[in-house]
Amino acid sequence: MVTITLNGRAVEVAEGSTLLEAATVAGVNIPTLCYLKDLNCIGSCRVCLVDVEGAGLVAACNTAAAEGMVARTDTPQVAAARRANLQAIMDDHRALCATCVRQDTCALRDLASRFNLQDAGEALPAPKPWDADFPLQRDSSKCIKCMRCVAICDKVQHCGVWDFTGTGPSMKVIVRDNLPIADAGCALCGQCITHCPTAALTARDDVSRIMDAILDPTVETVVQVAPAVRAAWGEGVGLSREAATPGRLAAALHAVGFDKVFDTDFAADLTIMEEGSEFVEFLGSDKPRPMFTSCCPGWVRFVKLHYPQFTAQLSSAKSPHQMLGAVVKNTLAAEASEAGKRLFVVSIMPCVAKKYECDVPQLATEADADVDAVLTVREFNRLLRMVGVNCANLTETPFDNPLGLSTGAATIFGRTGGVMEAALRSAAFLITGENPDFSVCDTTDATPETPWISRELTVGDATVRIAVASGLENTAKLLDALESGEAAFDFVEIMACPGGCVGGGGQPIAFNCELASDRAGVLNRLDAGDTLRYSHENPDIAQLYADWIGEPLSHTAHEWLHTDQEM
Ligand code: HC0
Ligand code: SF4
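Here it is as structure tokens:
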């Protein structure tokens with residue numbers, strides 16, 4: 001341990017701590033822009049300056065706290081130096097705050113107001129054009145060169161999409177090798193968006209398309225919400241975790257004007273029926289191990305772009321929201337058409353890659369594209385604010401039926417390990433005829449910090465080796481271990497975003513605050529409190545099979561719910 005004096009008070013911290021970490025221990029706030037814990041401690045924004053006796057002004061994020069050091073954060077000189085550095089950043093930032101999608105969550109705007117800055121670079125030139133169709137959008141005139149996107153994409157997500165050229169004032173963040181973004185190996189996880197302090201990186205905005213559909217009298221709008229949305233949607237509209245219930249979420253979706261409000265959780269149960277049955281067949285086959293889950297489109301893009309040798313091992317099951325879209329388009333179109341309408345399916349997702357997934361042509365069925373448009377949770381929050389929905393006053397309502405009832409197994413899809421846990425609950429039943437104990441399938445120890453977790457389970461006569469990973473750097477480590485033979489599994493769940501969809505790139509943004517595990521707790525509590533906790537016990541799923549699909553892996557199931565991953 002070392003002891004320093006910070007603002008006149010003794011603070012004891014672990015050896016190797018930075019001044020910024022020491023300040024956190026002492027409860028002293030130091031503003032930051034470029035700092036990203038353990039990933040980007042480069043002191044480039046110079047907003048975290050502190051005054052160290054004998055050394056002068058230094059960046060707190062990359063200066064070690066040394067024994068006997070005396071430092072101050074609370075002098076007018078420190079404030080003036082931070083303010084001057086902020087002004088320089090602001091002068092080079094095209095500040096269009098009035099219409100900016102990040103106006104409530106911009107770390108630069110927050111500090112500009114806190115440091116009483118008067119002028120900004122509104123008059124700067126517009127940026128170079130960007131691929132307007134790509135789900136990840138960039139406005140280089142808002143980039144403050146903090147390098148957080150470079151760090152997160154390279155060190156956490158293994159994609160290395162971002163790079164920089166030049167030095168000093170002419171330094172610029174660019175797409176690696178100046179490639180078009182569509183060719184740069186981007187998995188579309190959206191982590192660079194949620195870790196950008198400004199609106200330099202955003203998701204493509206599809207709110208206007210959805211408004212047009214809602215207002216069109218010839219369109220019947222059908223909306224569905226992903227498992228992880230229920231854990232986070234309230235953050236963007238000021239609702240506490242307790243108030244942001246699934247019932248209030250369903251009411252909010254009706255309030256913005258959607259005609260039918262269904263739940264992706266229903267289709268998560270359907271996915272388990274299909275993928276669980278596929279896995280039981282796979283176990284009895286001599287196909288190469290392991291089988292991988294395929295419901296996360298960031299992961300599917302990543303494997304196809306970076307580890308194509310594993311593509312053939314993806315489950316053929318479509319992701320739940322694509323399955324729900326296919327079921328809606330195949331079972332409800334006739335009724336809508338009799339009423340003179342066409343169906344328009346919208347998915348509210350914690351994810352940016354789903355915007356790409358819904359446009360993949362081979363996922364369409366004969367009836368139509370499964371899903372017509374995807375909104376992130378942030379866009380949904382904007383829609384709620386635009387329509388003026390007072391979410392706190394909404395009376396809770398159930399999701400519409402028959403595609404609205406779900407089990408706790410489906411709810412936990414939204415956190416890392418949840419798909420595996422839900423699949424094991426039902427695969428064990430399919431093999432033994434009995435429901436397994438929940439503790440046998442428990443994956444709650446899967447975290448973004450562990451490269452992967454693994455188990456060896458006995459199911460009937462079979463031994464099943466499973467692994468779960470989230471975050472694409474962790475995923476790359478696992479794939480490398482599988483390739484070298486250092487690890488061997490039968491079934492592997494991958495989620496591209498650290499912590500799974502709860503930490504998704506389409507979730508509400510909280511600067512320098514990782515909320516995935518807190519949100520996972522919401523899903524775990526919903527699962528524990530559910531009367532139905534096994535996908536195969538969802539009565540409406542049984543009805544869907546009886547009325548339309550026959551049985552898992554039937555011809556219709558293949559037509560509607562599966563795809564050829566190698567296409
Ligand atoms: Fe997920 Fe999904 S669990 S990918 O994280 O499988 O986005 O929440 O909707 O489709 O259900 C995201 C979340 C989903 C899908 C589900 C899967
Ligand atoms: Fe990298 Fe993900 Fe951003 Fe793509 S979306 S550039 S993979 S962090």
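Using the numbering used here, you'd call the opening residue of the sequence shown number 1 and step up by one each time.
Where is the CB? At the ideal position from N, CA and C, for every residue including glycine.
Closer than 7 Å to some heavy atom of the ligand HC0: that describes the Cβ of Ala268. When secondary structure is reduced to three states using DSSP, Ser439 falls in the helix class. Here Trp162 carries a strand assignment [DSSP, helix/strand/coil]. Boundaries of the alpha helix (DSSP H) around Arg382: Val377 to Val387. Per DSSP, Thr194 is one residue of the alpha helix (DSSP H) stretching across Gln191 to Thr194. Leu482 is positioned such that its CB atom lies no closer than 8 Å to that of His158. Arg204 and Glu15 have their C-alpha atoms spaced approximately 44 Å apart.
Residue environment: Asn393 is assigned as exposed (fewer than 16 neighbouring CB atoms within 10 Å of its CB, all protein chains considered). By the Cβ rule, the stretch 286-294 does not count as touching the stretch 244-255, because fewer than three pairs are nearer than 8 Å. Checking the DSSP bridge columns, you'll see Thr18 partnered with Ala64.
Inter-residue distance for Thr18 and Asn85 is about 21 Å (C-alpha atoms, whole angstroms). Arg342 has its alpha-carbon roughly 43 Å from the corresponding atom of Val150. Taking C-beta separations shorter than 7 Å and ignoring five residues to either side along the sequence, the partners of Thr331 in its chain run Trp548, following chain order. A distance below 8 Å between beta-carbons, with the five flanking residues on each side excluded, links Val207 to the following residues of its chain, in chain order: Leu375, Glu379, Arg382, Leu383 and Met386. Asn390 and Trp560 have their C-alpha atoms some 38 Å from each other. For the 8 Å CB-CB criterion, Val2 and Ala66 form a contact.
For Val229, the shortest C-beta to heavy atom distance toward the ligand HC0 is below 7 Å.
Within the stretch 312-379, the runs of beta strand (DSSP E) at least 3 residues long that lie entirely inside it are, in chain order, 342-349 and 373-376. Here Thr365 has Ala326, Lys329, Asn330, Glu559 and Trp560 as same chain residues with Cβ atoms under 7 Å from its own Cβ, once five neighbours each way along the sequence are excluded. Burial is judged here by how many other beta carbons sit within 10 angstroms of a residue's own beta carbon; Asp269 has at least 16 and is buried. Restricted to the stretch 79-157, the alpha helix (DSSP H) segments that are unbroken, complete and at least 4 residues in length are 107-114 and 148-151, listed in chain order.
Taking the Cβ atoms as the reference, Leu188 lies roughly 16 Å from Ala373, outside the contact range of under 8 Å. Ala26 and Asn512 have their C-alpha atoms roughly 18 Å apart. In this structure, Leu544 is the residue among Thr447, Cys358 and Leu544 with its C-alpha nearest to the C-alpha of Asn401. Annotation for Met495: no alpha helix (DSSP H) segment contains it, though the beta strand (DSSP E) segment containing it runs Phe491 to Met495.
Counting only residues of its own chain and dropping the five nearest sequence neighbours on each side, Asp74 has a CB closer than 7 Å to the CB of Asn7. Annotation for Glu357: Pro297 place their beta carbon closer than 6 Å to its own, counting only its chain and skipping 5 residues before and after. Shown here for Leu314: same chain residues with a beta carbon closer than 6 Å to its own, the five before and five after excluded, namely Phe292, Ser294 and Gln565 in chain order. Under the three-state reduction of DSSP output, Gln224 falls in the strand class. Excluding sequence positions up to five before and after Asp91, its CB lies within less than 7 Å of the CB of Gly121, all in the same chain and listed in chain order. Within its own chain, the residues whose Cβ lies closer than 8 Å to the Cβ of Ala528, once the five positions on either side in sequence are excluded, are Gly408, listed in chain order.
Listed in chain order, the non-local C-beta contacts of Glu493 below 6 Å within the same chain comprise Thr293, Val419, Met420 and Val468, local neighbours out to five positions each way being set aside.
In the three-state scheme derived from DSSP, where H, G and I count as helix and E and B as strand, Asp445 is classed as coil.
Leu188 sits in coil when the DSSP states are folded into three classes, being neither helix nor strand. Inclusion of Asn538 and Leu403 in the CB contact set at 8 Å is not warranted, their separation being larger than that value. Nearest Cα to Ser439 within the set Met273, Arg9, Thr458 and Pro451: Thr458.
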